[in-house]
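Asker: First the structure, which I've put down as structure tokens, then a few questions once you've had a look.
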């Protein structure tokens with residue numbers, strides 16, 4: 001599973 | 011979003027506003043390191059590459075725009091504004107900040123979560139932000155009398171990352187699989203660099219004396 005690196009922080 | 015992160019973002023925003031207030035109202039950047047401001051502009055430029063590709067939330071996009079515009083305008087003010095630039099002390103602000111950029115970039119090439127351009131630039135921005143305050147801390151030790159606004163600016167800048175550490179702890183315990191060692195370690199290093207500043211800042215506040223860092 002492509003671990004979509006979710007950078008939701010500033 | 012949790013209270014620690016919101017408080018961290020607001021503290022970060024406050025630090026930028028304090029600096030803009032100082033520069034814009036009293037038209038002075040005395041005691042401010044241009045090098046640190048340039049490093050921060052680079053941090054935001056490399057971290058917010060996904061500004062137009064990944065929409066996370068209005069808040070996220072708005073804050074990114076604020077940090078980008080403010081950091082670049084602060085650099086512009088110090089370098090080009092006819093009055094502000096006169097108060098820039100380039101003889102004191104001598105930290106070779108370019109020596110920080112390359113090692114951070116090389117480290118990002120080696121230690122990252124995914125070997126893609128965006129991810130490497132993002133990791134680079136994390137490492138660079140951890141050390142971006144160094145020119146400013148060195149300058150503070152050289153300039154004997156630190157004015158209040160500059161002291162508050164550095165304090166808020168350090169405090170925001172400390173709040174982010176609480177945010178990471180909170181997210182680790184509340185979100186499964188939320189593990190970002192790279193972010194945590196660079197954030198911890200960044201905060202530790204402020205440790206002695208915090209100590210002297212607290213002492214000056216407690217004893218109600220002028221903030222002075224030992225040379």
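Protein chains in written order, with the working numbering: chain A, 1 to 10; chain B, 11 to 225.
Note that beta-carbon positions come from the ideal geometry of N, C-alpha and C, so glycine has one too.
All figures in this text were calculated on a predicted structure; none of them were measured in a lab.
Using only the alpha-carbon positions, how far apart do residue 77(B) and residue 46(B) sit?
Answerer: If you number the second chain from 1, residue 77(B) lands on position 67. If you number the second chain from 1, residue 46(B) lands on position 36. Near 14 Å, if we compare the C-alpha coordinates of residue 46(B) and residue 77(B).
Asker: Assign residue 89(B) to one of three DSSP states: helix, strand, or coil.
Answerer: Translated into the one-based positions of the second chain, residue 89(B) becomes position 79. Helix, per DSSP.
Asker: Tell me which same chain residues have a C-beta within less than 6 Å of the C-beta of residue 134(B), skipping the five on either side of it?
Answerer: Translated into the one-based positions of the second chain, residue 134(B) becomes position 124. So the qualifying residues of the chain are 56, 114, 115, 118.
Asker: Taking C-beta to C-beta, are residue 210(B) and residue 223(B) nearer than 8 Å?
Answerer: Mapped onto the second chain, residue 210(B) falls at position 200. Mapped onto the second chain, residue 223(B) falls at position 213. Remark: C-beta atoms of residue 210(B) and residue 223(B) approach each other more closely than 8 Å.
Asker: State the DSSP-derived secondary structure class of residue 94(B), mapped to helix, strand or coil.
Answerer: Within the second chain, the letter at position 84 stands for residue 94(B). In the three-state reduction of the DSSP assignment, residue 94(B) falls in the helix class.
Asker: Among 43(B), 111(B), 17(B), 137(B), which residue has its Cα nearest to the Cα of residue 87(B)?
Answerer: The residue given as residue 87(B) occupies position 77 in the second chain. Per the Cα distances, 43(B).
Asker: At least one CB of chain A closer than 8 Å to the CB of residue 194(B): is that the case?
Answerer: Translated into positions along the second chain, residue 194(B) becomes position 184. Contact with chain A is absent for residue 194(B), since none of that chain's Cβ atoms lies less than 8 Å from the residue's Cβ.
Asker: Residue 149(B): which of 107(B), 89(B), 53(B) sits nearest, CA to CA?
Answerer: To locate residue 149(B), count along the second chain from 1; it is residue 139. When each option's Cα is compared against that of residue 149(B), the closest is 107(B).
Asker: Can the beta-carbon of residue 221(B) be found less than 8 Å from the beta-carbon of residue 161(B)?
Answerer: Sequence index remark: in the second chain, residue 221(B) carries index 211 (1-based). Sequence index remark: in the second chain, residue 161(B) carries index 151 (1-based). Result yes, Cβ atoms of residue 221(B) and residue 161(B) sit closer than 8 Å.
Asker: Check each candidate in 198(B), 189(B), 187(B), 170(B) and name the one with the smallest Cα separation from residue 140(B).
Answerer: Working through the second chain from its first residue, we reach residue 140(B) at position 130. Closest option to residue 140(B), Cα to Cα, is 198(B).
Asker: How far does the alpha helix (DSSP H) with residue 59(B) in it reach, from first residue to last?
Answerer: If you number the second chain from 1, residue 59(B) lands on position 49. Unbroken run through residue 59(B): none, as it is neither H nor E.
Asker: Which stretch, first to last residue, makes up the alpha helix (DSSP H) that contains residue 229(B)?
Answerer: Because chain B here runs from 11 to 225, residue 229(B) falls outside it and cannot be looked at.
Asker: Assuming residue 41(B) contacts residue 157(B) under a Cβ cut-off of 8 Å, what Cβ separation, rounded to an integer in Å, is found between them?
Answerer: The count along the second chain starts at 1 and reaches residue 41(B) at position 31. The count along the second chain starts at 1 and reaches residue 157(B) at position 147. So it is a contact: roughly 6 Å between Cβ atoms.
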